[in-house]
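Numbering (our numbering), first residue to last: 2 to 498.
A short worksheet on the structure shown next.
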């Protein structure tokens, strides 16, 4: 995308050593240990080492509505910044401010939304309540939800796993963690799904040609994954081209054609400039081959490059810090690899008679020019099946009490290259205190407040640890996998006031 997104620096799970060795964890029997958090670090241990790179995009300011009533941006469905934050906190430190992307904190979680209407692949929702950290202000939550598709109705998949096996991947929290996750994925794939594996270090190698995931083939596929070893330098650019060639050769019309890249981001051999790599993935996305990037480890994590590759490759970027994160991505949320809304853009038009000023919380590197909203040639973010996108605005209302605050417009495509489909709804004001709002509203406010405290934001107002803890605790609601409850425990671990 034109405004390049910051890439999350994510960190390893040292606890995986014990988990992988445990007899309770058997890749052969589809029986995985429940995800565990990394242990407390030894004195002086740091989860982030020199060589990792963050990009700090600052924070969106308040905007005077009379001067600029329209706010336009691309959706962002990445979740890497959240698991990066978790890695830091589980090693006894707050993450650097530049590592905190509040939109990714929000979009790590699923929020309720109506099912899409007939003929649509997404649905919209909104809610307004009093802002908990600025008296007299309002908090507006906008939601977008992708159409859910049951696993047995997902279209056939053509996966190419592109795995970094260079020397920098030798740590247990890098290649070994990825191998565990990819074996999990193989176990849930169907006979209609194909998988190929390309590895790269000093050179690229196709270690598994595209193979059907019939039960008879799964043992062979997992044996190939288990045999991978880390050594050599990193010829990532050449290997990426090879992966695209394989994905193109076995392209499934109407299916999910996707490369999943697992790496610490160290592209240090061959053509490795960000611009050249981005140009390659942009070209291939137009052919319907998408790129998902999984980051691991620390020390040489090229965060900016990895997120830009995923964003421009019509995929998403996640960081793997433990087994629970592997289960989230490959088991519980696997359907999200199947895109239902392409080039999804949001445009909010505020009524100056009702809104004096507004501030978009997060999405700093997703901003777009207003005229780009209706330009169907402009690339934007993708939404997967069942995936939710959450947006928060802090609003300074005017004194006249007008009922409608803004129009909430979304434009998306069902298929690549098609005409954009518009959706719209008006957002009405709400004055209820946040404590009387929905569970989702309270929890979203807690997540945003926590992000601002970690960033030491000038916009945090009266937000504090006690406020975040109370809002989150009362907003847990339905939490089938315990992600919201885990958030409450992370708040307790953070060194914030």
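For each residue, glycine too, the CB sits at the ideal point set by N, CA and C.
On a predicted model such as this, the values are computed, not experimentally measured, just so you know.
Handout entry: Three-state secondary structure assigned by DSSP to residue 252
Key = Looking at residue 252 - three-state DSSP - the assignment turns out to be coil, as it is neither helix nor strand.
Problem - Where residue 233 sits in the DSSP three-state scheme - result: Coil.
Problem - Counterpart residues of residue 332 in DSSP-defined beta bridges - result: In the DSSP assignment, no residue is bridged to residue 332.
Handout entry: residue 87 to residue 327 span [Cα, whole Å]
Key = Rounded to the nearest whole angstrom, the CA to CA distance from residue 87 to residue 327 is 14 Å.
Problem - Member of 152, 299, 128 whose CA lies at the smallest distance from the CA of residue 141 - result: In this structure, 128 is the residue among 152, 299, 128 with its C-alpha nearest to the C-alpha of residue 141.
Practice task
Just the C-alpha distance for residue 107 and residue 402, rounded to the nearest angstrom, thanks.
Solution key: If you draw a straight line from the Cα of residue 107 to the Cα of residue 402, it comes to about 29 Å.
Problem - Supposed contact pair residue 103 and residue 449 - C-beta distance, whole angstroms, cut 8 Å - result: The beta-carbon distance between residue 449 and residue 103, rounded to whole angstroms, is 6 Å. This is short enough to meet the 8 Å contact definition.
Problem - Option in 370, 96, 182, 386 with minimal Cα separation from residue 117 - result: The shortest C-alpha separation from residue 117 is found at 386.
Handout entry: Helix, strand or coil at residue 386 [DSSP, three-state]
Key = In this structure, residue 386 counts as coil in the three-state DSSP scheme.
Exercise for the section: Evaluate the contact criterion for the region 370-381 versus the region 330-338: three or more CB pairs, one atom per stretch, below 8 Å. Expected result: The answer is no - the region 330-338 does not touch the region 370-381, with fewer than three Cβ pairs under 8 Å.
Handout entry: Pair within 9 Å by beta-carbon distance, residue 110 and residue 444
Key = Residue 444 sits close to residue 110, with the two beta carbons spaced by under 9 Å.
Practice task
List the DSSP bridge partners of residue 165.
Solution key: Among the bridge pairs identified by DSSP, residue 165 is matched with 201.
Practice task
Starting from residue 320, follow the beta strand (DSSP E) in both directions and report where the run begins and ends.
Solution key: 318-320 is the extent of the beta strand (DSSP E) around residue 320.
Problem - Any non-hydrogen atom of the ligand ZN within 8 Å of residue 103 CB - result: Ligands displayed in this structure: none; no statement on the ligand ZN is therefore possible.
Practice task
Grab me the residues of residue 497's own chain with a C-beta within less than 6 Å of its C-beta, minus the 5 sequence neighbours each way, in chain order.
Solution key: Around residue 497: 454, 466.
Handout entry: Under 9 Å between C-beta atoms of residue 65 and residue 322
Key = Taking 9 Å as the cut-off, the beta carbon of residue 65 is found no closer than this to the beta carbon of residue 322.
Handout entry: 6 Å Cβ shell around residue 219 - same chain, five flanking residues per side excluded
Key = Hits under 6 Å: 187.
Practice task
Please report how far the alpha carbon of residue 479 lies from the alpha carbon of residue 472, in whole angstroms.
Solution key: So the two alpha carbons sit approximately 15 Å from each other.
Problem - Cα-Cα separation between residue 199 and residue 412, rounded to whole angstroms - result: Residue 199 and residue 412: Cα-Cα distance of roughly 36 Å.
Problem - Burial state of residue 432, where buried means 16 or more other Cβ atoms lie within 10 Å - result: Residue 432 is exposed by the Cβ-count criterion.
Handout entry: Chain-order list of residues whose beta-carbon lies under 7 Å from that of residue 147 (same chain, five-residue window excluded)
Key = For residue 147, the CB contacts under 7 Å within the same chain, skipping 5 residues up- and downstream, are 122, 123, 341, 342, 384, 385, 386, 387, 388 in chain order.
Problem - Inter-residue Cα distance where the pair is residue 262 and residue 280 - result: Residue 262 and residue 280 have their alpha carbons spaced roughly 17 Å apart.
Handout entry: Buried/exposed call for residue 313, threshold 16 Cβ in 10 Å
Key = The C-beta of residue 313 has 16 or more other C-beta atoms within 10 Å across all chains shown, which makes the residue buried.
Practice task
Determine which residues share a DSSP beta bridge with residue 398 and list them.
Solution key: Residue 398 is bridged to 356.
Practice task
Provide the residue span of the alpha helix (DSSP H) that contains residue 88, from first to last.
Solution key: Taken as a continuous stretch (DSSP letters only), the alpha helix (DSSP H) holding residue 88 covers 81-90.
Problem - Per-residue burial, residue 427 [other beta carbons within 10 Å of its own, 16 or more giving buried] - result: Around the beta carbon of residue 427, fewer than 16 other beta carbons sit within 10 angstroms, so the residue counts as exposed.
Exercise for the section: Please confirm if the region 343-357 is in contact with the region 293-304, defined as three or more CB-CB distances below 8 Å between the two stretches. Expected result: By the Cβ test, the region 343-357 is not in contact with the region 293-304, since fewer than three Cβ pairs between them sit closer than 8 Å.
Handout entry: Straight-line Cα distance separating residue 296 from residue 85
Key = Taking the straight line joining both Cα atoms gives about 10 Å.
Exercise for the section: List in chain order: all unbroken beta strand (DSSP E) runs of 3+ residues lying wholly within the region 411-490. Expected result: Correct list: 422-429.
Practice task
Keeping to the same chain, check which residues put their C-beta closer than 6 Å to that of residue 211; ignore five residues upstream and five downstream.
Solution key: 195, 197, 251, listed in sequence order.
Exercise for the section: May I have the straight-line CA-CA distance separating residue 240 from residue 287, to the nearest angstrom? Expected result: Their backbone Cα atoms lie some 19 Å apart in a straight line.
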